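Novice: Take the sequence shown: its position 184, counted from the start at 1, is 184 in full-length UniProt numbering, and no numbers get skipped. All C-beta atoms in this analysis are idealised placements derived from N, C-alpha and C, irrespective of residue type, glycine included. Remember, it's a predicted structure, so these values are computed and weren't measured experimentally.
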Amino acid sequence: MQIEWTAGPEAFAARAAAHVVDCLAQIDAPAIALPTGMTPVGLYQQLLALQAAGEVDLSAGHYFNLDEYVGISQTDSHSFAAFLGRYFLDESLIPADHIRLLQGDAPDILAEARAHDAAVAARGGLDFAILGLGGNGHIAFNEPGVAWTEGTHIVPLTEETRAANAAYFEDGFTVPGEGVTMGVGMLRGARRILLMVSGAAKADALARLLAGKTDPAWPVTALCGHPDLIVIADEALRPA
Numbered sequence: 001m002q003i004e005w006t007a008g009p010e011a012f013a014a015r016a017a018a019h020v021v022d023c024l025a026q027i028d029a030p031a032i033a034l035p036t037g038m039t040p041v042g043l044y045q046q047l048l049a050l051q052a053a054g055e056v057d058l059s060a061g062h063y064f065n066l067d068e069y070v071g072i073s074q075t076d077s078h079s080f081a082a083f084l085g086r087y088f089l090d091e092s093l094i095p096a097d098h099i100r101l102l103q104g105d106a107p108d109i110l111a112e113a114r115a116h117d118a119a120v121a122a123r124g125g126l127d128f129a130i131l132g133l134g135g136n137g138h139i140a141f142n143e144p145g146v147a148w149t150e151g152t153h154i155v156p157l158t159e160e161t162r163a164a165n166a167a168y169f170e171d172g173f174t175v176p177g178e179g180v181t182m183g184v185g186m187l188r189g190a191r192r193i194l195l196m197v198s199g200a201a202k203a204d205a206l207a208r209l210l211a212g213k214t215d216p217a218w219p220v221t222a223l224c225g226h227p228d229l230i231v232i233a234d235e236a237l238r239p240a
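#1: Can you tell me whether DSSP reads F80 as helix, strand or coil?
#2: Going by DSSP, which residues form a beta bridge with G179?
#3: Using 8 Å as the Cβ pair cut-off and three pairs as the minimum, do the segment 72-84 and the segment 102-110 touch?
#4: Just verifying my parser: in three-state terms, what is the DSSP assignment at F12?
#5: Measuring straight from C-alpha to C-alpha, what distance separates A201 and G37?
#6: Let me know the secondary structure DSSP gives A217 once reduced to three states.
#7: Quick check: the Cα distance between K90 and P35, rounded to an integer number of angstroms?
#8: Throw me the rounded Cβ distance for the A13 and Q46 pair, which I believe falls under 8 Å.
#9: Put R208 into one of helix, strand or coil per three-state DSSP.
#10: Report yes or no: do the segment 214-224 and the segment 124-139 share at least 3 C-beta pairs separated by less than 8 Å?
#11: Can you confirm whether the segment 220-231 touches the segment 186-194 when touching is taken to mean that 3 or more C-beta pairs between the two stretches lie within less than 8 Å?
#12: Under 8 Å, with one C-beta from each stretch per pair, do the segment 143-161 and the segment 122-129 reach the 3-pair mark?
#13: State buried or exposed for L84, treating a residue as buried only when at least 16 other CB atoms are found within 10 Å of its CB.
#14: I'd like to check one pair, F80 with D67: are the Cβ atoms closer than 8 Å?
#15: For the alpha helix (DSSP H) that D117 lies in, which residues bound it at each end?
#16: Over the uninterrupted beta strand (DSSP E) stretch that includes M38, give me the two end residues.
#17: I'd like the list of long-range same chain contacts for A236, defined as Cβ closer than 8 Å, with 5 residues on each side in sequence excluded.
#18: Quick check: what's the CA-CA separation for I99 versus E112?
#19: I need the straight-line Cα distance from G42 to P9, nearest angstrom please.
#20: Can W5 and R188 be called in contact, C-beta distance under 8 Å?
#21: Quick check on D93: buried or exposed, where buried means 16 or more other Cβ atoms within 10 Å of its Cβ?
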């Protein structure tokens, strides 16, 4: 595990962007999993600025989203697909055929999950998974107690996660009770993982990871022992 402590949001985003740039430079047409939430927004802004400056070619990668709300269409402004479009993909110049996003309102959501797995497998698996961290230790939508062997699958969302996500919207949006997500087994299979940890609410979950002991009650600990795990975290979260 490689841990980088950063002071301030600019340094946090810059270090994350440097690892994405490194991935795109080192690997031919890498398969990259993208997170949502406010933690990676600075990363996406940095990547777009680097592309505008000619310092990275984002179109070289193939991109997949980690998760989506069940029952929500990609065109719905509350969807994770719309979030990625708004903050990153719409300005990225990445070809449409290099982007595969989950369809939360698919008529057969289980078939959609299998199709997402198949699309990743067609790229040879994930080269780089970029993850955020939930206060309860969830990664993507993998909540405490979830099996660690899954590919993309359907999960019930905890009230804690639903409340945290509802806070992003001011229009009274009710977060669905289920999500579709890349599973822990799929994420652990990524050749490189970047975990971005920001905010005081993540302190306990980060401490569990740093302790190095796996615990199904804290899904992030499934990453313990991964051969190429990079953690970028706020300096304020560094253990005393």
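Specialist: Checking against the coordinates, here is how it stands:
#1: In the three-state reduction of the DSSP assignment, F80 falls in the helix class, which pools H, G and I.
#2: Y69 and V155
#3: yes
#4: When secondary structure is reduced to three states using DSSP, F12 falls in the helix class.
#5: Each residue's alpha carbon lies about 14 Å from the other.
#6: coil
#7: The sequence as given places Asp at residue 90; Lys does not occur at that position. Spanning the two alpha carbons is a distance of roughly 15 Å.
#8: 5 Å
#9: R208: helix per DSSP, three-state reduction.
#10: yes
#11: With the cut-off at 8 Å, the segment 186-194 and the segment 220-231 touch.
#12: no
#13: Within 10 angstroms of the beta-carbon of L84 lie 16 or more other beta-carbons, which makes it buried.
#14: yes
#15: I109 to A122
#16: Per DSSP, M38 belongs to no beta strand (DSSP E) and is neither H nor E.
#17: A200
#18: 15 Å
#19: For G42 and P9, the distance between alpha carbons rounds to 7 Å.
#20: No, the pair does not count as a contact, with Cβ atoms beyond the cut-off.
#21: According to the sequence as given, residue 93 is Leu; it is not Asp. Looking at its Cβ environment, which holds fewer than 16 other Cβ atoms inside 10 Å, L93 is exposed.
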